[in-house]
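At the far end of the sequence shown sits residue 726, using full-length UniProt numbering, and the numbering has no gaps.
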Amino acid sequence: MQTQAETIDVATVEADSLLETSFGNEQPVVTVPYSSLRRSPLNARTQPLSGIPGLAANIRAKGLLQNLVVHEMKGSRGKQRRYGVCAGQRREAALDLLFEQKHIAADYPVPVRIVSEGEALAISLIENSEREGLDPFDVLRSYRMLAEEGRSVDYIAALFSASPLTVKRRMKLANVSPKLLALLREDGITLDQLAALALADDHETQERVWFDAPNDWQRTPQYLRQAITRAEIDASRSRLVRFVGLAAYEAAGGYVRRDLFSDAENAGFIADAELLQRLAGEKLEAVAEEVRAEGWNWTETRIERDVLELNRYDRLDPLDRPYTEDEQREIDALTARQDELAEQYDALSEDDENAYEEGERIEAELDAVTAAIQALEMRTLAWDAQQMAEAGAFVILDPQGNLVIERGLVRRDSDAQDGAGAATMGEAVATLKEANRKPKPVHSAKLCQRLSAHRTAAIHAELIAQPSVALAALLFRLAPVAFPERYGVGPSRDYLELNATSNHDALLKAADDLSDSTAWGIIDAQRQQWLAVLPRNLADLLPWLTEQDPGTTLLDLLAFCTGTLLDGVTGTEGPHAIHALSNTLQLDMTRYWTPTRASYFDHVSKARIVDVAMQAVSPKIALDLGKMKKGDAAAAAELRLAKTAWLPEILTDREVPPIRALGVMHGPDDEADEEAADSQEVSADEANAQEANAAADAAPANENRSAWPFPTAASIANAETLQHTA
């Protein structure tokens, strides 16, 4: 921190010295004849002047009390030099009026200070910005001229009391197409719209996106950004970018379309997804090499956390050794500090002047202390040589872009399963009963519906930003119906749920807190924008649609409408077709949902609250919550998990139901096979009738449908392989 402060101070001193050099040694005030004055092309002001008659009357009565600042005009020769007025344009205009009224002569002596052209431009900017607000066009023009004269960012920042980032942003705007800057001068475009267009580096793209937009609403900053970056990855929302880092991506030759006008971390867009994937894989492999060195039987990497795959492994428990004396002293000190910080946080009052800043400081230190406790606790977990010889580990990237290492996983081989046949019949029956005993679900059917409603709304919000995925989802639902000879005939329950009824009311009914969520805010804002442009009469809708641009307007409208048809509300946890959309969209639910008392903890048991704290915070915090009453524990859990980015399993699981192999019917033999398959399916249904009926009471009307999952790259590759081998 000290080094950073020193760097900033040095930069300031350098900028100050530049200003001192330019303006410290002021030239003496001299007089020049009025007839030698001209309007300077370097003057920052381009808007009409005001209050000139009153100022002229004041000068006539009292004289010119303040000198003008001028620079010698290029090309002036002979005895009669010409001077451009760079500061004092209103006073010059008042003198012009007095000359027209014959109150002063051409040789009227005007007090001036003569400076260089560079100084003239800077002085003009400073004077006008202090006296009357500059027009945005003037600001951008002036910044660009200063830069073209060789002025540094630090110099300009110090000159205008602005941050270097502000200077860079204004320079970015100043380099937008001159045609668009001309619109700014006429109030035909806003600075926010220019900022969106500045994402494109070439003027041709900027002009095309702006002038080809058929509707005004498509010129809003949001839509302008989408038009420029539609085929690129939003770095601020990509888990791979969080893991790899933009600096590493750029160092490997990747190009980043920077968004200087966003305060989000990793703000920008990237187009080379293949490079990003490769860098992520290499970074995972580097970590895997370190894990292999620990002595595990096998170590593999995964770019995504596949719950279904992990469930196919048995898990060994690590050995928990006691703390050493030094570790015990360290854990005691950290725990005491954690309690002290918690008391300080609880003692904060909203009436305190610096309550917010102090709360932020305490939370930051509390996070650091909690992380240190967790690291110390992990240090006591150990694996012996026999365990590592038997088991392996996965190095995985989770949905938030965090590195996760799953150790102690044991593969289930057929040899081990064959050996189990030597058990007695009684043991086999007991084992079968234990396997068939269904554990009590972590979340109730009502809470599952509540959380899945939030998930559905979040996917809708993501579809708005990625309309091409909405088009793919819609076609995936329609193509099997249109081409049964290719994909076979399946029951409606096998398809991705896109119902021809709006999910608006159903989602709000399932989650009474949804209307206050980020996702719903995006959806509602989009709804209002579309209502503002859609025809009022249904008879006018089709003609209006045929006149719109299919690549922008129609695609964006389709994305919004597709989101309203999604039926992702479920009363149970487990595989769901909508998970494939989550994967395709790279959905990050932490942007749309946070665990609070109202949204989660009031709806689960106290034991679940303690378990969540154990996972997301620390065993110490979990122990403290276990001593509280349910309501107090729920409130405390909300505070402790505020910045952990923890999500319940139903919002992180991405398991998709397996794609059913639906036969393509060509003759009587196929029909017989289909009937046999149907009879087997009926038998299976009868065997699970009791379980299905119990779930139906809690689930929505469409809950028992096993939706056909959205296609992934892997499923498409498998389908092509099967087709070639058939």
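Think of the CB as a built atom: it goes at the ideal place given N, C-alpha and C, for glycine as much as any other residue.
Because the structure is a prediction, the values reported are computed rather than measured.
Ranking Ser262, Glu149, Ala264, Glu282 by CA distance to the CA of Ala252 puts Glu282 first. Here Tyr356 is exposed. Its C-beta has fewer than 16 other C-beta atoms within 10 Å. If you look at Asp332, you'll find it in the alpha helix (DSSP H) that goes 325 to 347. Judged by DSSP in its simplified three-state form, His579 adopts helix.
Assigned with DSSP and collapsed to three states, Val369 falls in helix.
Your pair Arg239 and Gln400 checks out as a contact, with CB atoms roughly 6 Å apart and the cut at 8 Å. Taking the Cα of Trp383 as reference, the smallest distance to any Cα among Ala368, Trp296, Leu199 is reached at Trp296. For Thr31, the enclosing beta strand (DSSP E) has its first and last residue at 30 to 33. Counting only the Cα atoms, Ile523 lies some 41 Å from Tyr313.
Cβ contact annotation for Cys448 (same chain, cutoff 7 Å, sequence separation greater than five): Thr570, Gly571, Thr572, Glu573, Ile650, in chain order.
The residue from Ile362, Leu475, Glu377, Asn311 with its alpha-carbon nearest to that of Glu330 is Glu377. CA-CA distance, Thr324 to Thr380, rounds to 9 Å. Shown here, Arg315 sits in a strand according to DSSP, grouped into three states. Here Tyr592 carries a coil assignment [DSSP, helix/strand/coil]. Distance between Pro178 and Asp212, taken at the CA atoms: about 17 Å.
Contact between Leu42 and Glu117 holds: their C-beta atoms lie close to 6 Å from each other, under 8 Å. Apart from the 5 residues on each side of it in sequence, Ala636 sits with its Cβ closer than 7 Å to the Cβ of Leu625, Met628 in its chain, given in chain order. Rounded to the nearest whole angstrom, the C-alpha separation of Gly408 and Gln615 is 18 Å.
DSSP places Glu547 outside any alpha helix (DSSP H), giving it a letter other than H or E.
Judged by beta-carbon spacing, Asp259 lies within the 8 Å limit of Gly268, meaning their Cβ atoms are closer than that value. Ranked by Cα distance from Gln387, the first of Arg230, Val410, Glu406, Ala371 is Val410. Take Ile459, set aside five residues on each side of it, and the residues of its chain with a beta-carbon closer than 8 Å to its own are Gly563, Leu566, Gly568, Ile578, Leu581, Ser582, Leu585, Leu587, in chain order. Pairing Ala120 with Gln528, the inter-Cα distance amounts to about 50 Å. For Ala158, the uninterrupted alpha helix (DSSP H) run begins and ends at 153 to 159, by DSSP. Note on geometry: alpha-carbon atoms of Glu406 and Asp263 lie some 34 Å from one another.
At a Cβ-Cβ threshold of 8 Å, Arg608 and Val442 count as neighbours.
Selection Glu289, Asp306, Arg305 evaluated against Trp298 yields Glu289 as nearest (Cα-Cα). Taken in chain order, no unbroken stretch of beta strand (DSSP E) lies wholly in the stretch 516 to 577 with a span of 3 residues or more. Residue state for Ala252 is assigned as coil, using DSSP reduced to three classes. Rounded to the nearest whole angstrom, the CA to CA distance from Ser124 to Ile114 is 13 Å. Assignment of beta-bridge partners to Thr301 by DSSP yields Val395. Rounded to the nearest angstrom, the gap between the Cα atoms of Thr644 and Phe160 is 40 Å. The alpha carbon of Tyr345 has as its nearest neighbour, out of Ala336, Ile362, Asp332, the alpha carbon of Ile362. Each residue's CA atom was taken as its position, placing His103 and Gln89 some 19 Å apart.
With contacts defined as CB atoms closer than 8 Å, Val256 and Ala227 fail to qualify as a contacting pair. Collapsing the DSSP output to three states places Gly84 in a strand.
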